[in-house]
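Take a look at the structure set out below.
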Amino acid sequence: NAGVTQTPKFQVLKTGQSMTLQCAQDMNHNSMYWYRQDPGMGLRLIYYSASEGTTDKGEVPNGYNVSRLNKREFSLRLESAAPSQTSVYFCASSALIRDPYEQYFGPGTRLTVT
Amino acid sequence: GNSVTQMEGPVTLSEEAFLTINCTYTATGYPSLFWYVQYPGEGLQLLLKATKADDKGSNKGFEATYRKETTSFHLEKGSVQVSDSAVYFCALSERPGGGADGLTFGKGTHLIIQP
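Chains as they are written, first to last, in our numbering: chain A, 1 to 114; chain B, 115 to 229.
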C-alpha cells in the first residue's frame, strides 16, 4: 500500500516548455486534489476532482489543466510553463466528499521554471 | 470566503518547553478543523482534527480544541522534542453542501526545537 505517489520528484523546465505531473493513489479514494506550495503562502488548491469523470477549478487554476484518467490517477499539465509556476506541487486524495474528510498527501514535485 | 490565520514563524523553543501555535479561522458554515504537519522534504500528514464545537483533537502529545465562540483551533503540546521540528499547518473544510472543494490552509508555522 503505497498511498499517494507522485512523479517526478524534481523537474527543471525552460519558460514555454510543457510537462505533465503524474499522481496515483491506491486507497480507492473518490476525490483527488492538486495543490501548490509557495514560501509564505501555505498550500493553495489548483484543481480538484470530486469523483471519477469530474474536475473543478480551485483557487489558482490559471495556466494549468488536469485529467482524471481513472479512479486512481489524476494528472496536472502545464502547457506553457512560466517562472511564476516555480513551486512545490502536492497531490492529495480523500475517501469521502462528506464532512469530515481527511486528505492524504503525496511527497511532492519540486518544479523550477527558468 | 474561508480563511485561516496562523502565527508565522519561525518559532524557536528549547526541548521540553510548552508549545502553543495560534490558529483562527473565518468560515461561512460549520467547518471541520485540522492540523497538518510537514517534516523536511516530505508531504503533509494529518496530525489531528475536530469536527464540531468543543471537540478536542489529540495525537502524539499534541492537542487542539475547536472553539466556535473565538473561531480558534490553537495547537498545544506540553513538552516538545527535537523530533517535533517541522512546519505545522492549520486548515479547514466546510461541511457538505457542494462536494469536495479541498482544504483551506493557513500559511504554516515553522517550528524549531533546540536541544
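The beta carbon of each residue, even a glycine, is placed where N, CA and C say it ideally should be.
**Item:** Backbone secondary structure at A:Ser67 - three-state DSSP
**Value:** In the structure shown, A:Ser67 adopts extended strand secondary structure according to DSSP, grouped into three states.
**Message:** Quick test of the definition: if touching needs 3 or more C-beta pairs under 8 Å, does the region 120-131 of chain B touch the region 69-85 of chain A?
**Reply:** The region 120-131 of chain B makes no contact with the region 69-85 of chain A: fewer than 3 CB pairs, one atom from each, lie closer than 8 Å.
**Asked** What's the C-alpha gap between B:Thr138 and A:Asn65?
**Response** Each residue's Cα considered, the two are about 32 Å apart.
**Request:** Determine whether the Cβ of A:Leu45 lies closer than 8 Å to any Cβ atom of chain B.
**Result:** Cβ-Cβ to chain B under 8 Å: yes for A:Leu45.
**Request:** For A:Phe90, go through chain B and note every residue whose CB falls closer than 8 Å to its CB, in chain order.
**Result:** Within chain B, the residues near A:Phe90 are Gly157, Leu158.
**Request:** Would you decide whether B:Pro145 is buried or exposed? Buried here means 16 or more other CB atoms lie within 10 Å of its CB.
**Result:** It is buried - the Cβ of B:Pro145 has at least 16 other Cβ atoms within 10 Å.
**Message:** Just to confirm before moving on: does the CB-CB distance between B:Leu158 and A:Phe105 stay below 8 Å?
**Reply:** Taking 8 Å as the Cβ cut-off, B:Leu158 and A:Phe105 qualify as a contacting pair.
**Prompt:** Anyone know if the C-beta pair for A:Thr109 and A:Val12 falls short of 8 Å?
**Reply:** Against a cut-off of 8 Å, the Cβ pair of A:Val12 and A:Thr109 comes out as no contact.
**Message:** Tell me the rounded alpha-carbon separation between B:Val196 and A:Gly53.
**Reply:** Distance between the alpha carbons of B:Val196 and A:Gly53: 44 Å.
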